[in-house]
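In this note's numbering, the protein residues as written are 251 to 922.
Input: a single structure, listed below in structure tokens.
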């Protein structure tokens, strides 16, 4: 039996970590105990995840148990590990074609695989003929169906079913522009079908339009079909993490679903919160609330917010809205208006059995509506009634954080991270860890960067420990710093030796600005103590630093393309009062394999100064690799980089205009 022969081949490597488990799996398979064999093959694949044959055997066994969907996934993984196995590719493609879940995307994948094998020169003729026939069996009905639905749309009024069917057929045939256009048209004819937006997002992602996919997912996640909203939120979490959508992303979602009150409301509150820093956005927020009120007059929550925005500048427009809320709005919203108008509140009985008066429910509604102070008050009442509910402590943490009361938020996150619920404890612990350094009066940071350079045949060491005094709300923070700059060789040697580094400790005090959009300004004064010759000199330095990463960083949960830039403009007194500029840039791809996080990149660096000293004016470029092994701290990484460089100034240069360098360095940072 072919399957048994494949299995026996796996037994020829006794040193394989999966050997003993595979032996048991084969025994179970020969005994027709397929359920046990499935479990054992699964364990074997975990022990040797890079072996395609184990995934293939698991897939065939799953087929015997009727689990075709699970078998398809295993065939797909095996094909990824061994793309040259065309029999495997055919098995996977046929199962994709038969799939019911995500049928259009699966059938499109099957069609692509059949087309690839059909056009593969040098492949077995029988396999190519099978693939060609399978491709034709898929493609011909798709082409006919697309032509039929296009003819229907050309000769009659547009309908949801016509656009939707055409979109599905076009997606299966990889006519992605046609599919996207018709999914969009179908949704606009039936806005209640938010599930169509999930299919549109899938097509936009496939055709390389991540912004379009994000817009569709945001629109699907707000209101409408609960199941579609849940699936959209899951995909948003995968695609963009836990970050909140940007303004332009909300506007793109509204371009798809312009009548969505939920989208208008969230965008309005986002603009309103941003207007604290940029008052011009207040008018944009007013327009969004006005859109909601005009389309849904019974939305008294939006009416209240619009009226309160109008109250200071246009009271004649505000009062009709606010009077309507007082007359018809719910108790919590009406009381919010009474507070703004300095009217007596209508007190409610907390013990009333009506669910509308439940303080937790009122707090959640206020939080979602953007009434954060009200949400805080209601959550506190709920916490008083149930002091052991850690979820309320977590909600109070987020509410205080959004109200910019980070010290109190930290206390609530601290309470929530002790919860017995792992999900609550984990979320609270992350929030606590992220927030704690920003609220403490003293913050100490340490960074170390030992590095080997083949150009100088030397090991260099750089490091700094710095303690800041962070006095709120001041944007400038004083600090004390101890820097180290040194190397192993100390000088170049030869007739005219030159120092390769300062070989000194630099003790200083200074001030630094808060980071704004990646930029920080700083200045310090201190004393440089040489440890080789026991000398000391005054040291003054300062400048502006900028750092930005776009895309997948080394610590990102998902891989992808990235661009990173680190730029510094630095004045250093002991370099003849020189002003130097450094720009270090990396572009590449981040991935993870076996727990190892890695980035492969191409670096492009340039350094120049105002004194035009040859050693401070050069450009270099070359490939590199950065990684972090399992067990290493999240702030540690190893970088290997090879560059070809050229001096931009050669007056006084004793080494020639070009150089090669291989560098290996370790970066580690710590904040307390």
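The beta carbon of each residue, even a glycine, is placed where N, CA and C say it ideally should be.
Asked: Cα-Cα separation, residue 761 to residue 834; Found: 24 Å
Asked: Any C-beta of chain D under 8 Å from that of residue 453; Found: Considering every chain present, this structure includes no chain D. It has just one protein chain.
Asked: Endpoints, the beta strand (DSSP E) within which residue 910 is located; Found: 908–921
Asked: Nearest-angstrom beta carbon gap, residue 590 and residue 558 [assumed within contact, 8 Å]; Found: 5 Å
Asked: Straight-line Cα distance separating residue 493 from residue 368; Found: 44 Å
Asked: DSSP state of residue 444 mapped onto helix, strand, coil; Found: coil
Asked: Alpha-carbon to alpha-carbon, residue 805 and residue 475; Found: 35 Å
Asked: Cβ separation of residue 819 and residue 836, assumed to be a contact under 8 Å, to the nearest whole Å; Found: The pair is not a contact, with the Cβ atoms about 19 Å apart (cut-off 8 Å).
Asked: Residues near residue 902 in its chain [Cβ-Cβ closer than 7 Å; skip 5 each side]; Found: 864
Asked: Beta-carbon proximity check, residue 911 vs residue 720, cutoff 8 Å; Found: no
Asked: Contact set for residue 890: own chain, Cβ-Cβ below 7 Å, skip 5 residues either direction; Found: 874, 875 and 914
Asked: Range covered by the beta strand (DSSP E) that runs through residue 729; Found: 726–737
Asked: Other residues of its chain near residue 327: CB distance less than 7 Å, five sequence neighbours each side excluded; Found: 305
Asked: C-alpha distance - residue 579 paired with residue 880, whole-angstrom precision; Found: 56 Å
Asked: Contacting residues, own chain, Cβ-Cβ under 6 Å from residue 203 (five flanking each side not counted); Found: Outside the shown range of the chain (251 to 922) lies residue 203, about which nothing can therefore be said.
Asked: Rounded straight-line distance, which links the Cα of residue 897 to that of residue 759; Found: 34 Å
Asked: Cα-Cα separation between residue 617 and residue 627, rounded to whole angstroms; Found: 11 Å
Asked: Nonlocal neighbours in the same chain, by C-beta distance under 6 Å from residue 745, ignoring five residues either side; Found: Only weak support exists for where residue 745 lies, its pLDDT of 37 falling under 50; the value from the coordinates is given anyway. Closer than 6 Å at the Cβ level, and outside the excluded window around residue 745, lies no residue.
Asked: Under the three-state DSSP convention, the category residue 783 falls into; Found: coil
Asked: Residue 396 classed as buried or exposed, judged by whether at least 16 other C-beta atoms fall within 10 angstroms; Found: buried
Asked: Neighbour-count burial assignment, residue 768, 16 or more Cβ in a 10 Å radius; Found: exposed
Asked: Beta-carbon spacing of residue 674, residue 644 below 8 Å; Found: yes
Asked: Local Cβ density within 10 Å of residue 488, reported as buried at 16 or more and exposed below that; Found: exposed
Asked: Distance, residue 672 Cα to residue 658 Cα; Found: 23 Å
Asked: C-beta contact flag for residue 859 and residue 828 at 8 Å; Found: yes
Asked: Whole-angstrom C-beta distance between residue 473 and residue 445, which should lie under 8 Å; Found: 13 Å between Cβ atoms; not a contact.
Asked: 7 Å Cβ shell around residue 290 - same chain, five flanking residues per side excluded; Found: 271, 274, 275 and 278
Asked: Boundaries (first-last residue) of the alpha helix (DSSP H) holding residue 387; Found: 375–405
Asked: Host beta strand (DSSP E) of residue 869 (start-end); Found: 868–878
Asked: Other residues of its chain near residue 604: CB distance less than 6 Å, five sequence neighbours each side excluded; Found: Low per-residue confidence applies at residue 604: pLDDT is 45, beneath 50, and the placement is therefore not dependable enough to give any value.
Asked: Local conformation of residue 924 per DSSP, three classes; Found: Outside the modelled stretch of the chain, which goes from 251 to 922, sits residue 924, for which no answer is possible.
Asked: Three-state class that DSSP yields for residue 856 in the structure shown; Found: strand
Asked: Residue span of the beta strand (DSSP E) that contains residue 364, given as start and end; Found: Per DSSP, residue 364 belongs to no beta strand (DSSP E); it is in the alpha helix (DSSP H), 353–368.
Asked: Supposed close pair residue 756, residue 708 - CB separation, criterion 8 Å; Found: Not quite, the Cβ-Cβ distance comes to about 20 Å (not below 8 Å), so this is no contact.
Asked: Neighbourhood of residue 481 by C-beta distance below 7 Å, restricted to the same chain and skipping five residues each side; Found: 448
Asked: Per-residue DSSP class, three states only, for residue 534; Found: helix
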